[in-house]
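Asker: Residue numbers (the numbering used here): 12 to 93.
We put the CB at the ideal spot given by N, CA and C, even for glycine.
A quick note: this is a predicted structure, and the numbers were derived from the prediction, not measured.
Following this message is one structure expressed as structure tokens.
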């Protein structure tokens, strides 16, 4: 991922800019869905990607970033229990 401008990141897969908080929230939500389906590896990967982008776009202390960090921790705990 590369930064483009102040608050946008270029997706290496599609080349589109990722800067919208709603797009980042959707990535987090997809991670939640994957976890509920028992797809822990995919969920972990989605949460990690979303977290990395949120830290760059929103900042480390943003509430959405903190929420996704907790979701990643919950995912890792569920993965350990399975």
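If you reduce the DSSP assignment to three classes, tell me which class residue 31 lands in.
Answerer: Residue 31 falls in the coil class under three-state DSSP.
Asker: Can you check whether the CB of residue 45 is closer than 9 Å to the CB of residue 64?
Answerer: No, the pair does not count as a contact, with Cβ atoms beyond the cut-off.
Asker: Is residue 70 buried or exposed, if buried means 16 or more other CB atoms sit within 10 Å of its CB?
Answerer: When all chains shown are included, residue 70 counts as exposed.
Asker: Which runs of the alpha helix (DSSP H) at least 4 residues long sit entirely within the segment 29-81? Give them in chain order.
Answerer: Taking only runs of at least 4 residues, the alpha helix (DSSP H) segments lying wholly in the segment 29-81 are 32-47 and 51-68.
Asker: If we ignore side chains and look at the alpha-carbon of each, how far apart do residue 68 and residue 76 end up?
Answerer: Rounded to the nearest angstrom, the two C-alpha atoms are 10 Å apart.
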